[in-house]
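As structure tokens, the structure follows; a few thoughts come after it.
Residue numbers (this note's numbering), protein chains in the order written: chain A, 819 to 1096; chain B, 175 to 456.
Here's what the structure looks like:
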């Protein structure tokens, strides 16, 4: 039997565990935020842990001295472009795989799954040669093309599962009413799978917002650089500008944090959908 | 009618199939072709050398070292992630107030760009002004010592990917029927017994899924190591992907670099086949 005091101890332990978990997950980010508010002199001093006088100079110099806005814009364009194309191409394929009479659908789904396990390093050299040959080096187009393909497996996988949940009768009824497969897809299935679409969209957006290897390889100037590359190559004249790096990190992380808090349910849904049914 | 459905079906799948083939099948063939060559981009050297590059792998200490590093990184980080992730999942698998907010907070490390988290940890690892040494009251040169540098990369990766593990395992826990737990508690089974006899066996499929994804992801690690340590000190943290990248794009040896890439591909393929077999058995 569980007594009252045992219950109390358990609940204290539970909340303590939860608090430790949250502190562990958020701690590094909080420290980065504190660092970003420190004046230059206090960066090389510890203690004090907190800045004696929080300043915004790190943020100012990030935006003043570097093409930082341009880089954020690049990342936005690449991530939205990828999300759009990946969903457009992927949802069409997923609809066909879920509802249309296709032979070899299992083989195709297995192929899609195996593509998602592809190590990017194994394809980066030939793709680099192709991109160079097509004159797409240092363009955002090159990134959108690459990211779209690498996010397609996840998109197809999740959306096929969502489309399968739409009852087959709806498909058959629409067919009898004389709708073409494309009309059924566009007018009926797409709206019904809206939650799945948004879950996928968020995952693809975050993936493209964060990708580094291809962005590092295909871009060479600020005109097409994305956020991860800019942060990795943050220039320092004499020493590493930790305050500015911290400020830049906070600026680019805040949108992601907002996305996570607003859409956490969808993200979890998408992640588990993507992983299960294998 | 059915026939028309099939035709549009193939038509709908075609764009996806074409794009996937262009960025996977074609490059894989090309990278294998490159791996049979000695190709230096700057000097315009392009010569067929058959399997010479593969033979060279066996005598290349730096390659063998990076292979070992990758195996070490994968084994330690995946083990830790699974252990911590399981603990977190057991915590999250209850109903409590603010559950959504806590779940969102735990998702943050997963959502932050790897590059950003690498730089965050680089700063926390700083020997003189890092918060980590300050809190621990020590003066460890985390990224400068060969022993700590590799483990520092592991710790960062564990922080970054445990949320993913925890969420998937939580989803796995939630499909375990509640009646089983009720029956066990009527029979007077203690929590440890319940965990071992009910939770763990029923969670097994999900654990395998998590292991599959995480092992593959850890084995091809690039961003975390490349930004945090750059493979240093003295190549002691260099993983296969980092080594391949340096050979490809810093020394521009496209032949030998592609050979290392093929090795990464072969290992990842072997890992997935191994897990798929495990699935079939259970």
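Don't be surprised by glycine CBs; every beta carbon is placed ideally from N, CA and C.
- Taking each of A:1084, A:906, A:1032 in turn and checking the Cα distance to residue 1008 of chain A, the smallest one comes out for A:906.
- For residue 220 of chain B, DSSP records a beta bridge to B:213.
- Nearest C-alpha to residue 971 of chain A among A:880, A:859, A:936: A:936.
- Taking a beta-carbon distance threshold of 8 Å, residue 957 of chain A does not count as an interface residue toward chain B.
- Assigned with DSSP and collapsed to three states, residue 348 of chain B falls in helix.
- Between residue 265 of chain B and residue 385 of chain B, the C-beta gap is not smaller than 8 Å, which leaves the two residues out of contact.
- For residue 892 of chain A, the enclosing alpha helix (DSSP H) begins and ends at 886-917.
- Contact between residue 973 of chain A and residue 908 of chain A holds, with the beta-carbon distance rounding to 3 Å and staying under 8 Å.
- For the 8 Å CB-CB criterion, residue 347 of chain B and residue 267 of chain B form a contact.
- By the Cβ rule, the segment 205-218 of chain B does not count as touching the segment 1020-1035 of chain A, because fewer than three pairs are nearer than 8 Å.
- By the CB criterion at 8 Å, residue 849 of chain A and residue 305 of chain B fall inside the cutoff.
- Looking from the CA of residue 274 of chain B, the closest CA among A:1092, A:1089, A:1071, A:1082 belongs to A:1082.
- Per DSSP, the unbroken alpha helix (DSSP H) holding residue 259 of chain B starts and ends at 235-266.
- Here the segment 177-197 of chain B makes no contact with the segment 413-420 of chain B; the two share fewer than three CB pairs at distances below 8 Å.
- Not a single C-beta of chain A is nearer than 8 Å to the C-beta of residue 220 of chain B.
- Rounded to whole angstroms, residue 235 of chain B and residue 387 of chain B show a C-alpha spacing of 29 Å.
- For the segment 366-395 of chain B, the set of positions with a beta-carbon nearer than 7 Å to some beta-carbon of chain A reads 383, 387, 390, 394 in chain order.
- With a beta-carbon spacing of about 4 Å, residue 186 of chain B and residue 910 of chain A fall inside the 8 Å limit used to define contacts.
- Residue ranges of uninterrupted alpha helix (DSSP H) with 4 or more members, entirely inside the segment 352-434 of chain B and ordered along the chain, are 352-360, 365-368, 374-393, 397-402, 414-423.
- In this chain, the alpha helix (DSSP H) harbouring residue 294 of chain B covers 288-298.
- One Cα belongs to residue 1050 of chain A, the other to residue 1033 of chain A, and the distance between them is close to 11 Å.
- At a cut-off of 8 Å between C-beta atoms, residue 1049 of chain A counts as an interface residue with respect to chain B.
- Collapsing the DSSP output to three states places residue 997 of chain A in coil.
- Listed along chain B are 293, each with a C-beta nearer than 7 Å to that of residue 1063 of chain A.
- With at least 16 other beta carbons inside 10 angstroms of its own, residue 917 of chain A counts as buried.
- By the Cβ neighbour-count rule, residue 366 of chain B is exposed, with fewer than 16 other Cβ atoms within 10 Å of its own.
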